[in-house]
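Protein chains in written order, with the working numbering: chain A, 1 to 116; chain B, 1001 to 1109. These notes are about the structure you will find just below.
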Amino acid sequence: GAGVSQTPSNKVTEKGKYVELRCDPISGHTALYWYRQSLGQGPEFLIYFQGTGAADDSGLPNDRFFAVRPEGSVSTLKIQRTERGDSAVYLCASSLKWWEKPSTQYFGPGTRLTVL
Amino acid sequence: SQQGEEDPQALSIQEGENATMNCSYKTSINNLQWYRQNSGRGLVHLILIRSNEREKHSGRLRVTLDTSKKSSSLLITASRAADTASYFCATAHDYKLSFGAGTTVTVRA
């Protein structure tokens, strides 16, 4: 596709529910990243995939958060037992292999998650 | 935690004026990137400057990098109403981007 796409664009859920957020990276980009952006702040790194494996998940806040990328393309961020503090915009980005050259990360439009 | 800090937090200028914002960071970097964000959604990549570069231009944008002071600046010349947005610097260490809290720029017509 032309750019990174994310679905849904908005998600409203109740405290305690499970949610899945989807990211479709740019075709041919092997690296995929998830960030979370709270109101008035810059994005914060959550997890990085190189291919199918999570190369760095150090930014995931706790074990309620999990992400997969089973075929090395589409990724799903999963949040269990959502809490009000999880409300934020979740951004996905993709890039070429970062070590081959300075690689620009291209961001999707984000999913705005609201936990009531 | 966020590595970069932008200054000022907010900036209001008249159309046609220049806008300058600064970014300071704490640790070593491979490169530094500037992004623009409209209405709190998707980030648009503006420019990347490598750690061995001191200045870079792209259209009406000029970025400087001083690694000895761990700081960067973004200059937007001849601003337009469409430049109204939040601007973020992001330091890159390997694959990881660390963003500051951003500078909100308002360009008045």
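Glycine included, every Cβ here is placed at the ideal spot set by N, Cα and C. Every value quoted in this text rests on a predicted model; they were computed, and no experiment measured them.
Proximal residues of chain B, C-beta to C-beta of residue i below 9 angstroms
| i | result |
| --- | --- |
| A:LEU91 | ARG1041, GLY1042 and LEU1043 |
| A:ASP109 | For clarity, residue 109 of chain A is Pro in the given sequence; the question names Asp instead. Near A:PRO109 (Cβ distances below 9 angstroms), the residues of chain B are ARG1041 and GLY1042. |
| A:TYR48 | TYR1095 and LYS1096 |
Burial state of residue i (16 or more Cβ within 10 Å)
| i | result |
| --- | --- |
| B:VAL1044 | exposed |
| A:GLY53 | exposed |
| B:GLU1055 | exposed |
| B:SER1001 | Here the model assigns B:SER1001 a pLDDT of 48, short of 50, so the residue's position is not dependable and the matter cannot be decided. |
| A:ASN10 | exposed |
| A:GLU44 | buried |
| A:ARG81 | exposed |
| A:ARG84 | exposed |
| A:LEU60 | buried |
| A:SER75 | buried |
Reduced DSSP category for residue i - H, G, I as helix; E, B as strand; rest coil
| i | result |
| --- | --- |
| B:ASP1083 | helix |
| B:SER1001 | Residue placement at B:SER1001 is flagged as unreliable, the pLDDT there being 48, under the threshold of 50; the coordinate-derived value follows with that caveat. B:SER1001: coil per DSSP, three-state reduction. |
| A:ASP86 | helix |
| B:THR1067 | coil |
| A:SER9 | coil |
| B:ASN1022 | strand |
| B:LYS1096 | strand |
| B:ARG1041 | coil |
| A:GLU14 | coil |
| A:ILE26 | coil |
| B:THR1077 | coil |
| A:GLU71 | coil |
| B:ALA1090 | strand |
| B:SER1051 | coil |
| B:ARG1072 | Here residue 1072 of chain B is Ser; the residue named in the question, Arg, does not match the sequence. The answer is strand: DSSP assigns B:SER1072 an E or B state. |
| B:LEU1061 | strand |
| B:LEU1046 | strand |
Sheet register partners of residue i (DSSP bridge)
| i | result |
| --- | --- |
| B:THR1106 | B:SER1012 |
| A:SER94 | A:LEU32 and A:TYR106 |
| A:VAL19 | A:ILE79 |
First and last residue of the uninterrupted beta strand (DSSP E) at residue i
| i | result |
| --- | --- |
| A:ALA67 | 65 to 68 |
| B:GLN1030 | This sequence places Asn at residue 1030 of chain B; Gln is not what is there. Unbroken run through B:ASN1030: none, as it is neither H nor E. |
| A:GLY53 | 53 to 56 |
| B:GLU1017 | No beta strand (DSSP E) contains B:GLU1017, which DSSP labels as neither H nor E. |
| A:LEU46 | 44 to 50 |
| A:THR111 | 111 to 115 |
| B:SER1058 | 1055 to 1058 |
| A:THR76 | 75 to 79 |
Listed by chain order, chain A residues near residue i by CB distance under 8 angstroms
| i | result |
| --- | --- |
| B:ALA1101 | GLY40, GLN41 and GLY42 |
Contact test: residue i Cβ vs the ligand NAP heavy atom, cutoff 8 angstroms
| i | result |
| --- | --- |
| B:ARG1050 | Annotation note on the ligand NAP: not contained in the displayed structure, which lists no ligands. |
Cross-chain neighbours of residue i in chain A, by beta carbon under 7 angstroms
| i | result |
| --- | --- |
| B:LEU1097 | PHE45 and GLN105 |
Proximal residues of chain B, C-beta to C-beta of residue i below 7 angstroms
| i | result |
| --- | --- |
| A:ALA31 | TYR1095 |
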